[in-house]
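Protein chains: 2
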Amino acid sequence: MQITANNPSRKSWLEVSSNSDFPIQNIPFGVFLTKDNVMTIGSRIGEYAIDLSALHQLGYFKDIELVDDVFLQDRLNDFIAHGKGIWRQVRNRIADLFDIENAKLQNKKKHRNQIIYDVQDIEMHLPVNVGDYTDFYSSKEHATNVGTIFRDPDNALLPNWLHLPVGYHGRSSSIVPTGKNIHRPYGQSKPAGAEKPVFGPSKLVDFELEMAFITTDVNKLGERIAIENAEDYIFGLVLFNDWSARDIQAWEYVPLGPFLGKSFASTISPWIVTLDALEPFRIESPKQDPKPFEYLQQIGANSFDIQLETFIKPENSDENLVTKSNFKYMYWTMAQQLTHHTSNGCNVRAGDMMGSGTISGPTPDSYGSMLELSWRGTKPIKLSDGSERKFINDNDTVIMRGTCKNKDVKIGFGECSSKLLPAL
Amino acid sequence: MQITANNPSRKSWLEVSSNSDFPIQNIPFGVFLTKDNVMTIGSRIGEYAIDLSALHQLGYFKDIELVDDVFLQDRLNDFIAHGKGIWRQVRNRIADLFDIENAKLQNKKKHRNQIIYDVQDIEMHLPVNVGDYTDFYSSKEHATNVGTIFRDPDNALLPNWLHLPVGYHGRSSSIVPTGKNIHRPYGQSKPAGAEKPVFGPSKLVDFELEMAFITTDVNKLGERIAIENAEDYIFGLVLFNDWSARDIQAWEYVPLGPFLGKSFASTISPWIVTLDALEPFRIESPKQDPKPFEYLQQIGANSFDIQLETFIKPENSDENLVTKSNFKYMYWTMAQQLTHHTSNGCNVRAGDMMGSGTISGPTPDSYGSMLELSWRGTKPIKLSDGSERKFINDNDTVIMRGTCKNKDVKIGFGECSSKLLPAL
Chain P
1 MQITANNPSR KSWLEVSSNS DFPIQNIPFG VFLTKDNVMT IGSRIGEYAI
51 DLSALHQLGY FKDIELVDDV FLQDRLNDFI AHGKGIWRQV RNRIADLFDI
101 ENAKLQNKKK HRNQIIYDVQ DIEMHLPVNV GDYTDFYSSK EHATNVGTIF
151 RDPDNALLPN WLHLPVGYHG RSSSIVPTGK NIHRPYGQSK PAGAEKPVFG
201 PSKLVDFELE MAFITTDVNK LGERIAIENA EDYIFGLVLF NDWSARDIQA
251 WEYVPLGPFL GKSFASTISP WIVTLDALEP FRIESPKQDP KPFEYLQQIG
301 ANSFDIQLET FIKPENSDEN LVTKSNFKYM YWTMAQQLTH HTSNGCNVRA
351 GDMMGSGTIS GPTPDSYGSM LELSWRGTKP IKLSDGSERK FINDNDTVIM
401 RGTCKNKDVK IGFGECSSKL LPAL
Chain D
1001 MQITANNPSR KSWLEVSSNS DFPIQNIPFG VFLTKDNVMT IGSRIGEYAI
1051 DLSALHQLGY FKDIELVDDV FLQDRLNDFI AHGKGIWRQV RNRIADLFDI
1101 ENAKLQNKKK HRNQIIYDVQ DIEMHLPVNV GDYTDFYSSK EHATNVGTIF
1151 RDPDNALLPN WLHLPVGYHG RSSSIVPTGK NIHRPYGQSK PAGAEKPVFG
1201 PSKLVDFELE MAFITTDVNK LGERIAIENA EDYIFGLVLF NDWSARDIQA
1251 WEYVPLGPFL GKSFASTISP WIVTLDALEP FRIESPKQDP KPFEYLQQIG
1301 ANSFDIQLET FIKPENSDEN LVTKSNFKYM YWTMAQQLTH HTSNGCNVRA
1351 GDMMGSGTIS GPTPDSYGSM LELSWRGTKP IKLSDGSERK FINDNDTVIM
1401 RGTCKNKDVK IGFGECSSKL LPAL
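These protein sequences, in sequence, are chains P and D.
Just so you know, we're using this note's numbering here: the first sequence kicks off at 1 and counts up by one.
Just so you know, we're using this note's numbering here: the second sequence kicks off at 1001 and counts up by one.
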């Protein structure tokens, strides 16, 4: 089936400003609470949220094979489990219904009133119940920077890095949607030169600029998938701030990896932008040398050109752009990550989330964490209010944005934003 | 409220053999499918399974504050979320109803027929939907053995180990109940002396003898808990085989920890034995030196005397006891593990599972993995059929058992059993 929703010449009868992240070519999916206290699955065009459970109830999806209550839920998991064919039909239908050439819904004021909300009047919630969350480490620049800072500049990349997408299991419970503020975590750390560890609030809280993809049911336990099919199981992407407490992490992570240095919070943007919507922004990923194992080999344009920005906004002050990066810098593609994840037979389910790892670019202004931007605190960043940052201060808000642009259309991810409150 | 269910002088009107793991003093919780294809929550006495949804429907719990359909579910999460007070009331009630001194249910044949199944006629399922699974590394003997084998015998324990319960996030999706057979995983590894890694079936599949505890809702994101309260959030324990592919693990795990070397499968015993039932088997944990941070300090008997055994059963041959260990060897207690887990504000939910880490004792016959028992393959183990094992062979079944005994009573965990099928 064609992705007719992506037609760049479409316009919506809903007003959309030219710089909106959400033109009719986007049609993302999310979960929101209406002002009438109803939790529903929805989409968004411009500054309007669209209640998909109301649309379904009014019969606008009646020829699509959907379970009756699929949209009257507080998480997208069941819808995602319907699979790619259904996602595409639903997204195409929404685009048709809101197309300025289509009078069907446009002329039904009563229906419109049941379906359309001002985004100011809704509250965004977590879009999926994340069964398992995996974080990869797939930016060569990031892995090289971290290896240089913490280990050995001459052997910054570890021997396995170029052969497989290194990843680890993360914590699902502490994934929160944009706007949920978090607290500076307590933890054990061992200050440089100290004989003994200390316990107290982390002194080195950092962001990590990442994106994460959300899967549908991929495989049964024991089965592997072929890389050619991997993208069929990816529903869409969100922006992902993998908050990290560097001092806690450094003390705890040998030999079993990051644990409490990460699990105090991870913030995601609330609208899942589908892989279908990103189709016009395909781009080749970096050349891989050495050639990967056959089960990881791909041809063609398997990455996406998504411009990423991170801002620090101190309390009562302005946003400061601290880094500009791009999803296309990732050395390992999403299809490679997912295929590798199932290579041992590990089963992946609808609603699982996989983070890219920190996305650093080749230049110092494109690094994806304060650890790298301030080079472990040796090069503080100057903000517009005159203050300096080595890491994140109490009451700083960290805001991530991501957009795709070509000559016809711009689509975006909205915001991934969260304020770091003082330790409790 | 008293734990009257534990009264050692109770006898049940259901027949229980003297060596059963499930006397009336146990009353574990699990999920099973009946021969009529109904999924229900249940308990067990002797060779009989008890349908708790039927008991509830017939009014036997009517004065306990339970949601109507709490037992007519395919997972225990909602029941567990009711909290410790309710678990205790329900367990006490079940013990009362099946007490030989109580005629109430004993004399109602019609009710008994709706409630009681022969365990041969039911199929045990996964007891909880595991939201997040964490694996600790809390046996000093195991950590010392692994450090000696892989790193440096003179500095086997890493510097953080005596200060905090080292742990990492694991994979929930591939946790399976006893009886579900698994496949030898494929993966990348780098053979000793080789220049390049290879991809193929793992050659070094191992078991890890562990136990795991299951929590109720502990805290909101950002909150920590006090160690004095930690046990109130622990519902119960199961046996846990943390299957490990040593060759995959060795190649992938630096620097972010175990990933595909573990996530191909973990097997658990299906009956959750409550912490209440284990109360008579409290014992002090090993003395901790150095003294832990204040947030991890405990007094009294905070561990449990649970004898553990692991058997290897080759295809068409006998069970071979390969190790005898004990839960009491754990250096860090469950309360310390859980308190540490929330020390950064990480939220823990009903149905989360936390593994102990491999439980090795002080003597070579008490080591909890083949890696240690065969000392990385240098000391093969002889089986009764004349064959040798360094690691686990195709079609070997690995069986774990755990029992608590005192002069009055023996309670046990049943079996955690799974066969390793050849690679697919």
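Built from N, CA and C at the ideal position, the CB exists for glycine as well.
For the 8 angstroms CB-CB criterion, residue 375/P and residue 149/P form a contact. With respect to the 8 angstroms criterion, residue 220/P and residue 347/P are classified as neighbours on the basis of their beta carbons. Taken through DSSP and simplified to helix, strand or coil, residue 1330/D comes out as coil.
Checking the DSSP bridge columns, you'll see residue 1360/D has no partner listed.
When the beta-carbon positions are compared, residue 397/P and residue 417/P come within less than 8 angstroms of each other.
Taking CB atoms only, residue 332/P has no neighbour in chain D less than 8 angstroms away.
The residue among 164/P, 251/P and 357/P with its C-alpha nearest the C-alpha of residue 289/P is 164/P.
Residues of the same chain with a CB within less than 8 angstroms of the CB of residue 342/P, apart from the 5 flanking positions on each side, are 218, 219, 223, 224, 225 and 348 in chain order. Within the DSSP secondary-structure output, residue 245/P pairs in a beta bridge with 205/P. Taken atom to atom, the span from the alpha-carbon of residue 1093/D to that of residue 1121/D is near 25 angstroms. For residue 1021/D against residue 1414/D, the beta-carbon gap comes to about 5 angstroms, under 8 angstroms, which counts as contact. Distance from the Cα of residue 133/P is smallest, within the candidate group 108/P, 8/P, 202/P and 169/P, for 169/P. Take the alpha-carbon of residue 261/P and the one of residue 244/P: they are about 6 angstroms apart. Any Cβ of chain D closer than 8 angstroms to the Cβ of residue 142/P would place that residue at the interface, and such an atom is absent. At a cut-off of 8 angstroms between beta carbons, residue 199/P contacts chain D.
In the DSSP annotation of this structure, residue 1001/D is not part of any beta strand (DSSP E), being labelled neither H nor E. Taking 8 angstroms as the threshold, the shortest C-beta distance from residue 1025/D to chain P does not fall below it. When the five nearest sequence neighbours on each side are left out, the beta carbons in the same chain lying within less than 7 angstroms of the beta carbon of residue 157/P are those of 143, 144 and 147, in order along the chain. A distance of 8 angstroms or more separates the beta carbons of residue 52/P and residue 128/P.
Distances from the CA of residue 1235/D to each of 1196/D, 1176/D, 1084/D and 1259/D were compared; the closest alpha carbon is that of 1084/D. Distance from the Cα of residue 205/P is smallest, within the candidate group 47/P, 372/P and 100/P, for 372/P. The DSSP-derived three-state label of residue 294/P is helix. Rounded to the nearest whole angstrom, the CA to CA distance from residue 382/P to residue 360/P is 20 angstroms.
By the beta-carbon neighbour count (other beta carbons within 10 angstroms, threshold 16), residue 151/P is exposed. Close to residue 182/P, with beta-carbon spacing below 9 angstroms, are these residues of chain D in chain order: 1221, 1222 and 1345.
Counting C-beta atoms within 10 angstroms of its own C-beta, residue 419/P has 16 or more neighbours from the protein chains shown and is therefore classed as buried. For residue 253/P, the closest alpha carbon among the candidates 1257/D, 1250/D, 1252/D and 1251/D is that of 1257/D.
When secondary structure is reduced to three states using DSSP, residue 1403/D falls in the strand class.
Rounded to the nearest whole angstrom, the CA to CA distance from residue 323/P to residue 1233/D is 42 angstroms.
Within chain P, the residues 171, 172 and 173 have their CB atoms less than 7 angstroms from the CB of residue 1132/D, given in chain order. Just measuring C-alpha positions, the residue of 242/P, 160/P and 405/P sitting nearest residue 178/P is 242/P. Taking C-beta atoms under 8 angstroms as the contact rule, residue 1124/D and residue 1270/D qualify, at a distance of about 4 angstroms. Distance from residue 1027/D to residue 1009/D at the Cβ level is roughly 15 angstroms; contact not present, criterion being Cβ atoms closer than 8 angstroms.
Separation of the CB atoms of residue 250/P and residue 189/P is rounded to 7 angstroms, and the pair is thereby assigned contact status at 8 angstroms. Going by beta carbons, residue 1354/D and residue 1213/D fall inside the 8 angstroms limit. The CB of residue 162/P never comes closer than 7 angstroms to any CB in chain D; the least such distance is about 10 angstroms.
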